[in-house]
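In what follows, a single structure is set out as structure tokens and then discussed.
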Amino acid sequence: MIPIYIILVNYNGYNDTIECINSIKKIKNINYKIIVVDNASTDNSVHLFRKNEVCKDCIIIESKSNLGFAGGNNLGIQLALDNGARYILLINNDTLVNPNFLYYMVTTFERDEKIGVVGCKINYYPETNKIWFGGGYINWFKFLGEHIGMREEDNGNYDKQREIDFMTGCCMLIKREVFENVGLLSHEYFMYFEDVDFCVKVRNSGYKIWYNPKAVIYHKVGYSSGGEQSPFSIKWTTKNRIKFMKKYKGNVSKSSYFFSNLFFYSTRIIKLLEYIFSGNVNKAKALTNGIREGLKENV
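FYI, the numbering for the sequence shown is 700 to 998, going by my numbering.
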């Protein structure tokens, strides 16, 4: 039986990746194979993976350069496809999983042959009863992939299976035929928005994205600190949001696109002033660089 290929991308995150692998290895009654793609880490991660007994059954791919989230995952996806994979799971290396999560995800495909991507409920870690992702949708006014239920208590409000139009790249189980018909993740984003872009392409190709809350994983996203953005994330989310807006402006009317741009740039100016007056020079530079680079790029 061909295994489900599980892809983890690592960049200087050896400890998180090992924790994730240890939690995955508690899965029972599912045939799977783990691929670890190292994105040119500088912390000796590859050497440590090869020495660690936990990784003895893992396939280690060593990238010669940091290809970002999309590029790193694509290395693993291509290897899985070359080995005949029927299903491929993309999952962040800074997650922990419930032992039965993958069973619930893969059996979801039996509901409808048009389901191409299956997602799960994602809670914070260590605040495991706080929701990070309870389903998602694409906000075409803001041109963002929005999380439903974010920061709410997990009291069962988001426990209904349903079709959604956005699944975060933190955890996606994807049919082989989706990659064959839609293509791999878009390299052009490097970090952020590649999952939103992929979901648009999946739905535009006639596939459904399905949310199954019986499958639960936990994500280390710093809920207790308020999730404050780093200059790195500010720059890349800003740059790639502009890129996504340009690429998919045809999905909305011209007037709607005008007001979306007006909203986006006015709120960026407000955010820039906040950074300047609070003394966050690095964040202010990151924001202006993200806008500048996003405007320069042709889509």
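No residue lacks a Cβ here, since even glycine has one placed at the ideal position from N, Cα and C.
{"Asked": "The segment 853–873 contacting the segment 938–952, beta-carbon criterion three pairs below 8 Å", "Found": "no"}
{"Asked": "Cα-Cα separation, Ala914 to Val881", "Found": "25 Å"}
{"Asked": "Enclosing alpha helix (DSSP H) for Phe768 [first to last residue]", "Found": "767–781"}
{"Asked": "Given Asn939 as reference, the closest of Asn751, Leu789, Gly844, Asn979 once Cα atoms are compared", "Found": "Gly844"}
{"Asked": "Range of the contiguous beta strand (DSSP E) that encloses Leu795", "Found": "794–796"}
{"Asked": "Assigned exposure category for Val816 - 16 Cβ within 10 Å defines buried", "Found": "buried"}
{"Asked": "Distance CB(Gly848)-CB(Ile837) smaller than 8 Å", "Found": "no"}
{"Asked": "Lys765 versus Val736 - alpha carbon distance", "Found": "Residue identity check: residue 765 is Asn in the sequence provided, not Lys. Their Cα atoms are separated by approximately 10 Å."}
{"Asked": "Buried versus exposed call for Glu752 [16 or more other C-beta atoms within 10 Å across all chains shown]", "Found": "exposed"}
{"Asked": "Reference Ile814, options Tyr964, Lys907, Leu994, closest by Cα", "Found": "Lys907"}
{"Asked": "Residue of Asn728, Asn709, Lys725, Glu862 minimising C-alpha distance to His746", "Found": "Asn709"}
{"Asked": "Cβ shell of Phe889 (< 6 Å), same chain only, five flanking positions each side left out", "Found": "Gly767"}
{"Asked": "The beta strand (DSSP E) enclosing Trp831, as first and last residue numbers", "Found": "830–832"}
{"Asked": "Own chain partners of His846 with C-beta closer than 6 Å, once the 5 adjacent residues on each side are dropped", "Found": "Phe832, Gly835"}
{"Asked": "Residue environment, Asp811, which counts as buried when at least 16 other CB atoms sit within 10 Å", "Found": "exposed"}
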